[in-house]
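The listed protein sequences derive, respectively, from chains Y and L.
Once you know that position 17 of the first sequence is 17 in the numbering used here, the rest is easy, because the numbers rise by one and skip nothing.
Once you know that position 300 of the second sequence is 648 in the numbering used here, the rest is easy, because the numbers rise by one and skip nothing.
Positions of the beta carbon are idealized from the N, C-alpha and C atoms, including for glycine.
This one's a predicted model, so the numbers in the text were calculated from it and none came from an experiment.
Working notes, structure below.
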Amino acid sequence: MPVISPKVRLAGLLLLLLLAFLLDISVGSVKIPLRDVFRILFSSSSSSMDDTWRFIVEKIRVPKACTAVLAGCGLSVSGLQMQTLFRNPLADPAVLGITAGASLGVAMVMLTGGSIATLFAIRELGVSGSLLITVAACLGAGVVMVLVLLLSGRLRDNVLMLIIGIMIGSITTSIISIWQYFSSPEEVKDYLLWLFGSLGGVTGGQLLILGTVTILGLIIAWLSSKMLDALLLGENYARSMGLNPQRARLIIICSSSLLAGSITAFCGPIGFVGIAVPHITRQLFRTSSHRILVPACCLIGTLLLLLCDVLSQLPGNQTVLPINIITALIGAPIVITLLLRQKNTNVF
Amino acid sequence: MPDPSPLLQTRNLQTGYRSGGKKTITTKGPLTLEVRAGQLICLLGPNGAGKSTLLRTLAGLHAPLEGSVESNGADLRQLTPTQRARTVSLVLTERVGIHQLTVYSLVALGRYPYSGWMGGLGETDKHAIEWAIEAAGIQSLRDRKLSTLSDGESQKVMLARALAQDTPVLMLDEPTAHLDLPSRIRLMRLLHKLAHQTKKGILLSTHELELALQVADEVWLLQNTETLHRGAPEDLVLNGAFEEAFAHEDIRFDKQTGTFSIQHENRKPVLFAGEGPSSWWTLRALRRNGFFVVEAATVEAERTPLIRLIEKEGRPYWHLRSGTNDLQEFDSIAALLAVLDQRPV
């Protein structure tokens, strides 16, 4: 493999990402020629003919692509943090029950609030409603993660830790199911739709909240890359080098819960990005340094999610598939191929 | 010569674990230990004697049950993690299985307590890394991935990482555990040289008794939970501390050679005559196979097998005469043993 410096690779990815972003904006159930998309994006002059298209591009497609960027970054980085913290290549926000925790938070708001708090109603409420859901989801994610970590302090074995994470996830999911069982069909339907995952529908103020929280989480993650590097050597080595394990865990949990929690709140539990992207990134960049891995995960995660979103539009069709279906369909084969190509059993 | 003040010292130390109000003592003490500059100390003891716990306690990673570990008059447990990491560096037994990491990046991680918020490396850091790579003798490995290293190489890389941490005290937990004999010797010699040249205090736990006797300036000998003997290795051999610590019915410690040998239960007497290196190896083989050499006067010479080592054209041959049988000649020890073993004694 030719030696390409990480900076060149990052730049190349950035270019690909721009293309994917434009592609994502130009496809959809309404056909808008690429030339017109550009015109709408880069000029402010409006003719009456443009109005519908302008609305579609500015109010639907651009926010959706932005959501894809945020979710791609957040979920991938959260997965990367989990894999390093637990020193387990299978760890990701979904496997460790963190997404389930966020779902529980969302379910609590949606299902207990009765009809006032259904998804539709919350969207109607606008910013304050989505803030409520975000806080609930982040809290749910955080609680599960603290629980997993408290138990991980008692266990040294990573595989046991993973099993415990899965168990906590199952308990959380069961609690949600009980809630669903006693809820009205309308409330359950809204919740089920949310479960399919969607990048659409996050607009205006909501996008601002999602963006702020995600960027905050990403900054914390990026600043914690030195800690993550040290944690790669295991907790004992990390401590001998002067890492404060409690503080490091707290910082990483905070960042990861902010990312997984807020994205799950707005887009539903999007699977697979969190586990797949860190693997793809490590394989492509051949490094363990988180200073490179964190931004690289952002780029690859965004690229993957944008492409998945393009595919979910089913070009030439009016139907839009839920994003969750596409991420697994695309992500799983990529991970399998990469793992088959590598000789080592160790992925880090 | 004025006695320099120790780099690390303990006061009334007692190590062990505390869980749920119950104390499990691993080393009773009270221990008063010192690690001085330029000293290579070997911590020896049978499995389960509490070597690792003592090491972790001395490194400040584990709270002592009683007493304290001090560096420059300050309790190690009271220091901030960074201050502690600038005092003691560690090489642990656990393997670091991060295959995408290069040797250079791993050594650079040793600068953790000095580098900036994002792990950025300054000129001082880069110098320290280069020095550590050179001191550990791993210049040729610097761009290799960890996955491509042998056990011996990866142990040296972990040592370089600890050296880059630039601490007065360096501790290694069983650094020779997975290494073959030449690598073990090389590593021990390297550590000995480092202690004397860099004036670091180096403390390592090991099972390599014979190697430790050769390179250690001081030996700390842990004997199951009770006591810790410390002193020059030779003194501990002479005052019987070694024998006592590893005392076992099947194992005998030889004060002459500083080695352990396995004691067989049903030992059979033989008579032996011969000299030179061939004789040494013959006796060794006999001992291993449960024979012991006796003086002719002490046994019924008639019934005891007699082995005579002779030399023909520069090659050793073994003659065996026993009881009424004729003299037999062998050209290898294996052939001699095969016949000896079938013989009823």
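Measuring only between beta-carbons, confirm whether Glu478 (chain L) sits less than 8 Å from chain Y.
Not one chain Y Cβ lies under 8 Å of Glu478 (chain L).
How about Ala100 (chain Y) and Val143 (chain Y): are their beta carbons less than 8 Å apart?
No, the pair does not count as a contact, with Cβ atoms beyond the cut-off.
Give me the Cβ distance between Gly393 (chain L) and Leu529 (chain L), rounded to the nearest whole Å; I'm assuming they're in contact under 8 Å.
In fact, because the Cβ distance is near 22 Å, the residues do not count as touching under 8 Å.
Just to confirm, are Ala71 (chain Y) and Leu216 (chain Y) a CB contact at a threshold of 8 Å?
Their beta carbons are not under 8 Å apart, which means Ala71 (chain Y) does not touch Leu216 (chain Y) by this criterion.
According to DSSP, simplified to helix, strand and coil, what is His577 (chain L)?
In this structure, His577 (chain L) counts as strand in the three-state DSSP scheme.
Note down the Cα distance separating Gly271 (chain Y) from Ala328 (chain Y), rounded to an integer number of angstroms.
Looking at the two C-alpha atoms, the distance is approximately 7 Å.
Verify the contact flag: Trp53 (chain Y), CB atom, against every heavy atom of the ligand SAH, threshold strictly below 7 Å.
Absence of the ligand SAH from the depicted structure is noted, as is the absence of any ligand whatsoever, leaving it without description.
Kindly list, in the order they appear in chain L, the residues whose Cβ is closer than 8 Å to that of Asn244 (chain Y).
Within 8 Å Cβ-Cβ: Pro429.
Does the beta-carbon distance from Val641 (chain L) to Leu631 (chain L) come in below 8 Å?
Taking 8 Å as the Cβ cut-off, Val641 (chain L) and Leu631 (chain L) qualify as a contacting pair.
Are the region 232 to 252 of chain Y and the region 470 to 478 of chain L in contact at 8 Å, needing three or more beta carbon pairs?
As far as the Cβ criterion goes, the region 232 to 252 of chain Y does not touch the region 470 to 478 of chain L, which means the pair count is below three.
Closest Cβ-Cβ distance between Arg154 (chain Y) and chain L: below 8 Å?
No, no contact with chain L.
Which residues of chain Y have a Cβ atom closer than 9 Å to the Cβ of Pro523 (chain L), listed in chain order?
Near Pro523 (chain L) there are no residues of chain Y at all, since even the closest Cβ is about 14 Å away, more than 9 Å.
Indicate whether Ala137 (chain Y) and Ala102 (chain Y) have their beta-carbon atoms separated by less than 8 Å.
Closer than 8 Å, so yes.
Which residues mark the beginning and the end of the alpha helix (DSSP H) in which Asp499 (chain L) is found?
Unbroken alpha helix (DSSP H) run through Asp499 (chain L): Asp499 to Ala512.
Verify the CB distance criterion: does Ala407 (chain L) have a CB-CB separation below 8 Å to chain Y?
For Ala407 (chain L), the answer is yes, since a Cβ of chain Y falls inside 8 Å of its Cβ.
Please name the residues in the region 212 to 239 of chain Y whose beta-carbon is closer than 7 Å to at least one beta-carbon of chain L, in chain order.
Listed in sequence order: Leu223, Ser225, Lys226, Asp229, Ala230, Leu232, Leu233, Gly234, Asn236, Tyr237 and Arg239.
So what does Leu391 (chain L) bridge to, in DSSP terms?
In DSSP, Leu391 (chain L) forms a bridge with L:Ser553 and L:Trp568.
Does Arg249 (chain Y) get closer than 8 Å to chain L when you measure Cβ to Cβ?
Answer no: the Cβ-Cβ gap between Arg249 (chain Y) and chain L never drops below 8 Å.
Alpha carbon to alpha carbon, how far is His526 (chain L) from Leu350 (chain Y)? Give it in angstroms, no decimals.
One cannot answer for residue 350 (chain Y) here, as it falls past the ends of chain Y, which runs 1 to 348.
Name the residue from Y:Leu104, Y:Thr319 and Y:Pro278 whose alpha carbon lies nearest to the alpha carbon of Thr172 (chain Y).
Of Y:Leu104, Y:Thr319 and Y:Pro278, the residue nearest in Cα terms is Y:Leu104.
Going by DSSP, what residues sit across from Leu520 (chain L) in a beta bridge?
Bridge partners of Leu520 (chain L): L:Val439 and L:Leu552.
Does DSSP put Phe678 (chain L) in a helix, in a strand, or in coil?
Three-state result, Phe678 (chain L): strand.
Just verifying my parser: in three-state terms, what is the DSSP assignment at Lys547 (chain L)?
If DSSP states are grouped into helix, strand and coil, Lys547 (chain L) belongs with coil.
Give me the residue from L:Arg651, L:Pro354, L:Ala397 and L:Val563 with the minimum Cα distance to Phe594 (chain L).
The candidate whose alpha carbon is nearest that of Phe594 (chain L) is L:Ala397.
Taking 8 Å as the threshold, find out whether the region 404 to 416 of chain L comes into contact with the region 539 to 550 of chain L through three or more Cβ pairs.
No contact exists between the region 404 to 416 of chain L and the region 539 to 550 of chain L.
Which residues mark the beginning and the end of the alpha helix (DSSP H) in which Trp222 (chain Y) is found?
Note, Trp222 (chain Y): alpha helix (DSSP H), Gly204 to Leu223.
Please classify Tyr360 (chain Y) as buried or exposed, where buried requires at least 16 neighbouring CB atoms within 10 angstroms.
Residue 360 (chain Y) lies beyond the range of chain Y shown here (1 to 348); nothing can be said about it.
Determine the extent of the alpha helix (DSSP H) in which Lys399 (chain L) is found, giving its start and end residues.
Looking at the DSSP string, the run of the alpha helix (DSSP H) that includes Lys399 (chain L) is Lys399 to Leu406.
Using a Cβ-Cβ cut-off of 8 Å, state whether Gly393 (chain L) counts as contacting chain Y.
Not one chain Y Cβ lies under 8 Å of Gly393 (chain L).
For the putative contact between Val202 (chain Y) and Leu192 (chain Y), defined by C-beta atoms under 8 Å, what is the C-beta separation to the nearest angstrom?
That belief does not hold up - the Cβ atoms of Val202 (chain Y) and Leu192 (chain Y) are roughly 19 Å apart, past 8 Å.
Examine the Cβ distances between the region 509 to 516 of chain L and the region 485 to 495 of chain L and report whether three or more of them are shorter than 8 Å.
The region 509 to 516 of chain L, when compared against the region 485 to 495 of chain L, does not touch it at the 8 Å Cβ threshold.
Under 8 Å, Cβ to Cβ, is there at least one residue of chain Y near Ser453 (chain L)?
So, interface residue.
Roughly how many whole angstroms lie between the Cα atoms of Trp179 (chain Y) and Leu111 (chain Y)?
Approximately 7 Å, taken between the alpha carbons.
Are the Cβ atoms of Ser224 (chain Y) and Ile253 (chain Y) separated by less than 8 Å?
Contact: no.
Determine, for Pro516 (chain L), whether the minimum Cβ-Cβ distance to residues of chain Y falls below 8 Å.
Closer than 8 Å: no.
Whose Cβ in chain Y lies nearer than 7 Å to the Cβ of Pro461 (chain L)?
Those within 7 Å of Pro461 (chain L) in chain Y are Met241 and Gly242.
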